[in-house]
Every structure is written in C-alpha cells, then in structure tokens.
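Q:
Numbering (full-length UniProt numbering), first residue to last: 1 to 304.
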C-alpha cells in the first residue's frame, strides 16, 4: 500500500467514528456534513476491506478489525499531534484542544465542577474528555497516548510516568439522619451488622474496605450492589442502608440530603489522590497549564 495515494485525514475520521459510533455526530466534530462523512466511511471500508462499523438495533457497532485498529490509529494521531504541536505554543485563551482525562465518577463529583469553571474562564475552546477507564488500565493508556492525564489513588507507575500528589482523603460512613443508628457512635460490631451499599468492581471498595475486613476474617452485609457512586447519596437518604465514601466525595451532599457522617470503625487506609501523566509531556505548555489548573483546584479542595 502506497501512503502517497492515501488521504491521511481518513485516520482522523476513523478515530472520530470509533469514539462517536454515529456518522452525523462524528461529522459535526470534524466539520463534515452527513453525506460527506458517509462517503469518507465508504472510502475507509474500501481502503481497509472491512465494514468497520455495522448497524445494529443498539446503534453502530465496530467490527473486530475496527477494534483491533483503534488503539494504533489513536496512537499515531497523538504522536503526530505532539510532533507538530510545539511545546511552547499554547495560549489558553485561543487554544482549540481536547484533553483526555481518566478519573473515577466519584472524583468527578467533587473535582470536575470547579475544574470546568476554571477551564471555561481561561480557555473557552478547550474540551475536557473524561474517559471511563478501569484503574488497572490507566498506566497502559498513558503509555500508549490514549489519555493525557489520570487522577487516581494507589497506582504503581513506571519511571516513564510522572505523578504529583493532589490531596489526602479519608473514608467515612454515611447514613440518613433519621436512621435508627444516627447519633450513636458506630463501632465495628454495629458496622458489620448494618445493611450496606457496595459499588460493583470498585477498586476503592474492594481494596480499602472489603479487602481490609477480609484480612481480619470479617465481611460486611451487602444489601445493594450498584455500578457507580452517583446514586449513593440519594439512596442512603431514603433507606436504612449505609455507605462508605471518601469524605470529600460525601461532603457536598451532607446538607442537601440530610446525611450523617461517621468515621469508619476500622483502620484508616492511605487514601491519597495523585495526578499522573507521561514524561513525554513534562515540558509541553498545554499539559503544564492543565496540570497547574488541576493542582490549584485540588489545593482549594484541600483547604475546605
């Protein structure tokens, strides 16, 4: 295959289609009409000799070939972007750039509102794209340029990945103020008897709560398992279920949901949130700007 005969813009189109899984939405992102985007998809299909995206009742789904290509194409595009984007050339007020971040949904609750506000004030054309990525895949995603930065806790990073401490946190138990246990000190025996909410596949839950209890031959009673943290305050406020959360995640909801906060009745883990990025972007002006902004927002959270 001769590269001189290939429109390399098709790689950008492929990457956008894989993200959006929708021809019209992908077209809007790259500035093409729906017919032009459909034509580009057909050219990609001819070039790669594969359907790439097929219609299903649930929408457009990628073929195995498309999935196999997606990571490599994104890596090529990010490397090309880095090659052409001079590290010193970044003016927040006029920059048009998307930064891909990995953070948990519970961290979104406390960190993202002030961060979005600051980004909007300083760089109105910059987009933050938060990627739902399991913690165990985070370092690999940084290595392969699939994300720009990550905010997490407890990751083991190689020398190629830099990190910066953002803030410390602690685990707390939350329950509604009308709970039968409200106003009574929460000891370990009581904690192990109260029905609780568990977040499915949450590393924080598994490592810092269930793992720590299991080491002592104990387990808490789980009455409800859900997929993310967003509904936890709402559910706790209307039931007799208890939940364990980082204090900074729980804090914004204590008054609005009339919640009581208790210390956890077991050893407090080392819960420190770090910002991670690949060393290739250590001196990149845009990355430095966003890292500084994230650190500033985290500092303001630490002081509250």
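Glycine included, C-beta positions come from ideal geometry on N, C-alpha and C.
Taking the alpha carbon of residue 130 as the point to measure from, which residue in 271, 258, 268 and 105 has its own alpha carbon closest?
A: In the chain shown, counting from the first residue as 1, residue 130 sits at position 130. The candidate whose alpha carbon is nearest that of residue 130 is 105.
Q: Looking at the secondary structure, which residues open and close the alpha helix (DSSP H) in which residue 116 lies?
A: As a working mapping, residue 116 is identified with position 116 in the chain shown. 105-122 is the span of the alpha helix (DSSP H), which, as asked, contains residue 116.
Q: Sort 51, 32 and 265 by Cα distance to residue 191 and report the nearest one.
A: In the chain shown, residue 191 corresponds to position 191, counting from 1. Of 51, 32 and 265, the residue nearest in Cα terms is 265.
Q: How about residue 297 and residue 114: are their beta carbons less than 8 Å apart?
A: Within the chain shown, numbered from 1, the residue matching residue 297 stands at position 297. Within the chain shown, numbered from 1, the residue matching residue 114 stands at position 114. In this structure, residue 114 lies closer than 8 Å to residue 297 by Cβ.
Q: If you draw a straight line from the C-alpha of residue 147 to the C-alpha of residue 118, how long is it?
A: What you label residue 147 is simply residue 147 of the chain shown in a count that begins at 1. What you label residue 118 is simply residue 118 of the chain shown in a count that begins at 1. When rounded, the distance between both Cα atoms is 21 Å.
Q: Below 8 Å on the Cβ atoms is my contact criterion, and I expect residue 226 with residue 200 to pass it. Report the Cβ-Cβ distance as a whole number of Å.
A: Looking up residue 226 in the chain shown gives position 226. Looking up residue 200 in the chain shown gives position 200. Contact flag correct, Cβ pair sits at about 7 Å.
Q: Reducing DSSP to helix, strand and coil, say where residue 260 ends up.
A: In the chain shown, the residue the question calls residue 260 occupies position 260. Note: residue 260 maps to strand in three-state DSSP.
Q: So which of 282, 217, 188 and 92 has the shortest CA-CA distance to residue 121?
A: One-based indexing of the chain shown puts residue 121 at position 121. For residue 121, the nearest C-alpha among the options comes from 92.
Q: Apart from the five residues on each side of it in sequence, which residues of its chain come closer than 6 Å, Cβ to Cβ, to residue 65?
A: The count along the chain shown starts at 1 and reaches residue 65 at position 65. So the list reads 50, once near-sequence residues are dropped.
Q: Grab the span of the beta strand (DSSP E) containing residue 224 for me, first residue to last.
A: Counting from one through the chain shown, the residue named residue 224 turns up at place 224. Segment 222-226, the beta strand (DSSP E) holding residue 224.
Q: Between which two residues does the beta strand (DSSP E) carrying residue 237 extend?
A: In the chain shown, residue 237 corresponds to position 237, counting from 1. Premise fails: residue 237 lies in the alpha helix (DSSP H), 232-238, not in any beta strand (DSSP E).
Q: Is residue 32 helix, strand or coil when you go by DSSP?
A: Here residue 32 refers to the residue found at position 32 of the chain shown. It is coil, neither helix nor strand.
Q: Report yes if the C-beta distance between residue 53 and residue 11 is below 8 Å; otherwise report no.
A: Stepping through the chain shown from its first residue, residue 53 is reached at position 53. Stepping through the chain shown from its first residue, residue 11 is reached at position 11. Not closer than 8 Å, so no.
Q: Using a 10 Å radius around the Cβ and a threshold of 16 neighbouring Cβ atoms, would you call residue 27 buried or exposed?
A: Mapped onto the chain shown, residue 27 falls at position 27. Buried.
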